[in-house]
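Engineer: Following this message is one structure expressed as structure tokens.
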Amino acid sequence: MILENIEIIDILQDGRGVGKKDGKVYFIEGGSYGEICNIELLEEKKNFTLAKKTKTLQKSKDYREPPCPYYYECGGCSIMDISYDRQIKLKQNLIKNALNKTAGIDLDNIKIIKSKDFGYRNKIRLKVGDNGDLAYKKKSSDDLVYIKDCLLANDHIRANFDNIQALSRDITEAMGHILSQISIRSNGKEILLNLYSDEVDKVYDYLKTKDLAYKINILGKNKTLRLGEDHLFFTYKDKTFKVSRDDFYQVNDYQIQNLYGLAKEFLGEDKKLLDLFCGSGTSSIAINGDHLVGVEINKSAIVDAKENARINNLTDYKFIAKNAKYIDQKFIKKEQIHAVTLDPPRAGIDKEIIKTLAKTKIPQIIYISCNPQTQARDIKRFQKEGYALEKIKAVDMFPQTMHVETIALIQKM
Ligand SMILES: C[S@@+](CC[C@H](N)C(=O)[O-])C[C@H]1O[C@@H](n2cnc3c(N)ncnc32)[C@H](O)[C@@H]1O
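Per the working numbering, the very first residue in the sequence shown carries number 3; after that it's consecutive.
Put into structure tokens, the structure is as follows:
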């Protein structure tokens, strides 16, 4: 069934448009903010109906020609066809709604620090097609869209894209469709490639005699081999960070300073900090300098965190390879912690962590999140334990997509 003249009044975090008619709500694939369109109804759910756009009747006043030729097919970006100013307003609305609906907090004009809107990513991850060509997934599909360039990647990755694709084609021509994915990470000077394959030895033997321009890790299910070093060094102000193949590192080169600057502003000086999802220690070293306890589930990231502490001359630190939910009250008391930073994956934090922090009466929690929905859920849980949201700001780490990084200061009442 087709519905006509539907205005797209909002965009969901996954990029789908939202339309309303006669009290019904539609989640619309392909719907761009502000346009008026016809939609085909696909499936009725309890509170909304799934639909897809069939025809644009009137373009949005925020419309702009997407500069990327793959935009309409590629699943990487979802809002490149609207102005960057409007993208920011949509993200403000997303954060506002998450806080309001989930935690009952009503805030207007949440500040978002804008980014350079293209060329900001220091890492991209691509699929490898049958003949070695590089691709992203299509929108709402597992099919591939083959690309020759990605406008979100930094200049260094873009300049090397053809060579990396040639390497992927060469491996595929020699040994068949043996690579599933390639991730490309750049610090602006060097490139680290992760080649994902079930045939680690074969890829290694093929590449080991070649003159390679990149550091390469070959990652299988149970085995990893490398050609050259398996890490890059990144610099942040006067700090240097070793970031290995699996380590998390913020992807937006231009916003790291703004994100860590806000965290520092929220934290203040002279604190002993517990960082519960510390990765390779980069964020807590950048934010607090010294006097740190870091906890992280990935053992190899903890090896790097200790190395990063050494490189940056820390004098008072502990980095522990453990699930954050097993940190207990006794430990926090013994370490004489003043404040906690939380920077979890998209799923947010375990309830037990909130209970433990509340029992310990930690006065100050800085919560960095790449998912406003789960952060709002966790803020509500903190509220129930006697905490309040003191401040929240956002940093746009992901222009052209509906993703955004928020940073909250949560305090004991
Ligand atoms: C968003 S990253 C943040 C890392 C670090 N704060 C940084 O900025 O580099 C989230 C980190 O949490 C780690 N992690 C995921 N689940 C965890 C858990 N249950 N306990 C401890 N660490 C976990 C991941 O391995 C990842 O390094």
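Even for Gly, the Cβ is constructed at its ideal location relative to N, Cα and C.
(1) DSSP state of G21, grouped into three classes?
(2) Do you know offhand how far Y256's Cα is from L264's?
(3) Please determine whether the Cβ atom of C70 lies at a distance below 7 Å from any heavy atom of ligand 1.
(4) Give the DSSP-derived three-state secondary structure of N95 in the structure shown.
(5) Does ligand 1 have a heavy atom nearer than 7 Å to the CB of K320?
(6) For R187, write down the residues that DSSP places opposite it in a beta bridge.
(7) According to DSSP, is R88 helix, strand or coil?
(8) Between the alpha carbons of V295 and D277, how many angstroms are there, rounded?
(9) Can you tell me whether F279 sits near ligand 1, meaning its C-beta is under 7 Å from at least one heavy atom of the ligand?
(10) Quick check on the burial criterion: 16 or more other C-beta atoms within 10 angstroms. Buried or exposed for G25?
(11) In chain order, what residues of the same chain have a beta carbon less than 7 Å from the beta carbon of L52, not counting five sequence neighbours either side?
(12) Using a Cβ-Cβ cutoff of less than 6 Å, which residues in the same chain neighbour C1 once the five nearest sequence positions on both sides are dropped?
(13) Flag this pair as yes or no: are the beta carbons of D83 and Y73 separated by less than 8 Å?
(14) Nearest to L101 by alpha carbon, out of V397, R383, Q402?
(15) Under the three-state reduction of DSSP, which class applies to E337: helix, strand or coil?
(16) So, does the region 284-295 touch the region 311-319, judging by three or more C-beta pairs under 8 Å?
(17) Does the beta carbon of K103 come closer than 8 Å to any beta carbon on chain B?
(18) To which residues of the same chain is Y262 closer than 8 Å at the C-beta, ignoring the five residues directly before and after it?
(19) Use the C-beta contact count for D306: other C-beta atoms within 10 angstroms, 16 or more gives buried, fewer gives exposed.
(20) What is the rounded straight-line gap between the Cα of D240 and the Cα of G291?
(21) Between the Cα of N189 and the Cα atoms of K217, D213, K55, which residue gives the shortest distance?
(22) Kindly indicate the opening and closing residues of the beta strand (DSSP E) around T56.
(23) In whole angstroms, what separates the C-alpha of Y328 from that of N224?
(24) Going by DSSP, what residue range makes up the beta strand (DSSP E) through Q413?
(25) Tell me whether F250, by its Cβ, gets closer than 7 Å to a heavy atom of ligand 1.
(26) Taking only heavy atoms of ligand 1 into account, decide whether any of them is closer than 7 Å to the Cβ of S282.
(27) What do you reckon, is the C-beta of I299 under 7 Å from a heavy atom of ligand 1?
Structural biologist: Short version:
(1) Start at 1 with the first residue of the sequence shown, and residue 21 comes out as number 19. DSSP places G21 in strand when its eight states are reduced to three.
(2) Residue mapping note: residue 256 aligns to position 254 of the sequence shown, counting from 1. Residue mapping note: residue 264 aligns to position 262 of the sequence shown, counting from 1. Distance between the alpha carbons of Y256 and L264 is about 14 Å.
(3) Counting from 1 along the sequence shown, the entry for residue 70 is found at position 68. Because no heavy atom of ligand 1 lies under 7 Å away, the Cβ of C70 does not count as near it: no.
(4) As a first step, residue 95 is located in the sequence shown; it is residue number 93 there, counting from the start. Correct three-state label for N95: helix.
(5) Counting from one through the sequence shown, the residue named residue 320 turns up at place 318. Answer for K320: no, Cβ out of range of ligand 1.
(6) By one-based count along the sequence shown, residue 187 stands at place 185. Paired residues: K125, L194.
(7) As a first step, residue 88 must be located in the sequence shown, where it is residue number 86. In this structure, R88 counts as helix in the three-state DSSP scheme.
(8) Here residue 295 refers to the residue found at position 293 when the sequence shown is read from its first residue. Here residue 277 refers to the residue found at position 275 when the sequence shown is read from its first residue. The alpha-carbon atoms of V295 and D277 are separated by roughly 6 Å.
(9) If you number the sequence shown from 1, residue 279 lands on position 277. Yes, Cβ of F279 sits closer than 7 Å to a heavy atom of ligand 1.
(10) Here residue 25 corresponds to residue number 23 of the sequence shown, with the count starting at 1. It is exposed - the Cβ of G25 has fewer than 16 other Cβ atoms within 10 Å.
(11) As a position in the sequence shown, residue 52 is number 50, starting the count at 1. Excluding residues within five positions, the ones whose Cβ falls inside 7 Å are F29, L44, E45.
(12) This structure gives no information on residue 1, because the portion of the chain shown stretches from 3 to 415.
(13) By one-based count along the sequence shown, residue 83 stands at place 81. By one-based count along the sequence shown, residue 73 stands at place 71. A contact, by the Cβ cut-off of 8 Å.
(14) Along the sequence shown, one-based indexing puts residue 101 at 99. The residue with the shortest Cα to Cα distance from L101 is R383.
(15) To locate residue 337, count along the sequence shown from 1; it is residue 335. DSSP places E337 in coil when its eight states are reduced to three.
(16) yes
(17) Within the model displayed, chain B is absent; a lone protein chain is all it includes.
(18) Residue mapping note: residue 262 aligns to position 260 of the sequence shown, counting from 1. So the list reads Y238, S285, A288, I289, once near-sequence residues are dropped.
(19) Mapped onto the sequence shown, residue 306 falls at position 304. By the neighbour-count rule (16 or more Cβ atoms within 10 Å), D306 is buried.
(20) For the purposes of this step, residue 240 is identified with residue 238 of the sequence shown, where counting begins at 1. For the purposes of this step, residue 291 is identified with residue 289 of the sequence shown, where counting begins at 1. Cα to Cα, D240 sits roughly 10 Å from G291.
(21) Sequence index remark: in the sequence shown, residue 189 carries index 187 (1-based). The option with the nearest alpha carbon to N189 is K217.
(22) Locating residue 56 in the sequence shown gives position 54, counting from the first residue. First-last of the beta strand (DSSP E) with T56: 51-60.
(23) Residue mapping note: residue 328 aligns to position 326 of the sequence shown, counting from 1. Residue mapping note: residue 224 aligns to position 222 of the sequence shown, counting from 1. Rounded to the nearest angstrom, the two C-alpha atoms are 26 Å apart.
(24) As a position in the sequence shown, residue 413 is number 411, starting the count at 1. Unbroken beta strand (DSSP E) run through Q413: 407-414.
(25) For the purposes of this step, residue 250 is identified with residue 248 of the sequence shown, where counting begins at 1. Yes, since a heavy atom of ligand 1 falls inside the 7 Å radius drawn around the Cβ of F250.
(26) For this step, residue 282 is matched to residue 280 along the sequence shown. Yes.
(27) One-based indexing of the sequence shown puts residue 299 at position 297. Because some heavy atom of ligand 1 lies under 7 Å away, the Cβ of I299 counts as near it: yes.
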